[in-house]
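Peer 1: Numbering (my numbering), first residue to last: 2 to 250.
Think of the CB as a built atom: it goes at the ideal place given N, C-alpha and C, for glycine as much as any other residue.
Input: one structure, supplied below.
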């Protein structure tokens, strides 16, 4: 009998309260290794709060988070990065006064030296930066100051910083926001490439991107999981149409 591979990410009863507001309400969630999973829902549904709980930026009010079989519920964010969880923010969090190269170099340096006392090899650092910039389409902008980039390119820089960590789980929060049509097309190709070696959790309002990229789609509304299925199943779900897709056009 073939063994079943356990999910990479599992949440059970995950909740977050902000005063009297319940932003995430008892979410049970499983994400298999190697999958591209999209999380969609109306504004205020709890999507960003949910992934912020997963990556450790905020602490849950209740529930558990398991990553690759280990309970990481109480683990701080920097240790989750070390475990293989990388997160790009909905609002860009680059270092605007540093060059594009130096922004990515910080991520490479963290990956190469985390938990080690050995001297950092400059050639390994440069190779790691070059790879991340090439994959994200920013190689030609390596020397530019990050804060001078157009907003869409700042978003891609964040993706490059995440890639440089070589994560096992890459969480992308509204990554196509501010990208041109051509950049979105390149981005979808990049995500497919990333999925060959990592699991991708994608929060996205651009429904054509979601339907093209996602293996499965999870729908959040009012902090609760409303539905989950393939893109075609989600598109045809009457409850999803009423709660979100019917008003998204």
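Are the stretch 15-28 and the stretch 48-55 in contact at 8 Å, needing three or more beta carbon pairs?
Peer 2: Output reads yes: the stretch 48-55 touches the stretch 15-28.
Peer 1: Just checking my contact of residue 100 with residue 163 at CB under 8 Å: how many whole Å lie between their CB atoms?
Peer 2: Going by Cβ atoms, the distance from residue 100 to residue 163 rounds to 18 Å, so no, they are not a contact pair.
Peer 1: Given residue 248, which residues of its chain have a CB within under 8 Å of its CB, disregarding the five upstream and five downstream residues?
Peer 2: A caution first: residue 248 carries a pLDDT of 49, below 50, which makes its placement in the model unreliable, though a value can still be read off. Same-chain partners within the cutoff: 43.
Peer 1: My assumption, with CB atoms under 8 Å, is that residue 105 sits in contact with residue 165. Please give the rounded CB distance.
Peer 2: Yes, they are in contact, since the Cβ atoms of residue 105 and residue 165 sit about 5 Å apart, within 8 Å.
Peer 1: Considering only C-alpha positions, which residue in the set 217, 190, 202 and 226 is nearest to residue 89?
Peer 2: Out of 217, 190, 202 and 226, 202 has the C-alpha closest to the C-alpha of residue 89.
Peer 1: Taking 6 Å as the limit between beta carbons, can you name the residues of its chain near residue 38, skipping five residues before and five after?
Peer 2: Same-chain partners within the cutoff: 32, 202 and 217.
Peer 1: Give me the Cα-Cα distance between residue 127 and residue 167, rounded to the nearest whole angstrom.
Peer 2: Each residue's alpha carbon lies about 15 Å from the other.
Peer 1: Taking residue 41 as the reference, which of 240, 222, 154 and 8 has the closest Cα?
Peer 2: Residue 222 is the option with its Cα nearest to residue 41.
Peer 1: In the DSSP output, which residue or residues are listed as bridge partners for residue 200?
Peer 2: Answer is 170, bridged to residue 200.
Peer 1: Compare the Cα-Cα distances from residue 179 to each of 156, 189, 191 and 170 and report the closest residue.
Peer 2: When only C-alpha atoms are compared, the closest one is 156.
Peer 1: Could you tell me the distance, in whole angstroms, from the CA atom of residue 169 to the CA atom of residue 75?
Peer 2: Going by the C-alpha atoms only, they are around 19 Å apart.
Peer 1: What does a CB cutoff of less than 7 Å around residue 148 pick up in its chain, not counting 5 residues either side in sequence?
Peer 2: Excluding residues within five positions, the ones whose Cβ falls inside 7 Å are 97 and 98.
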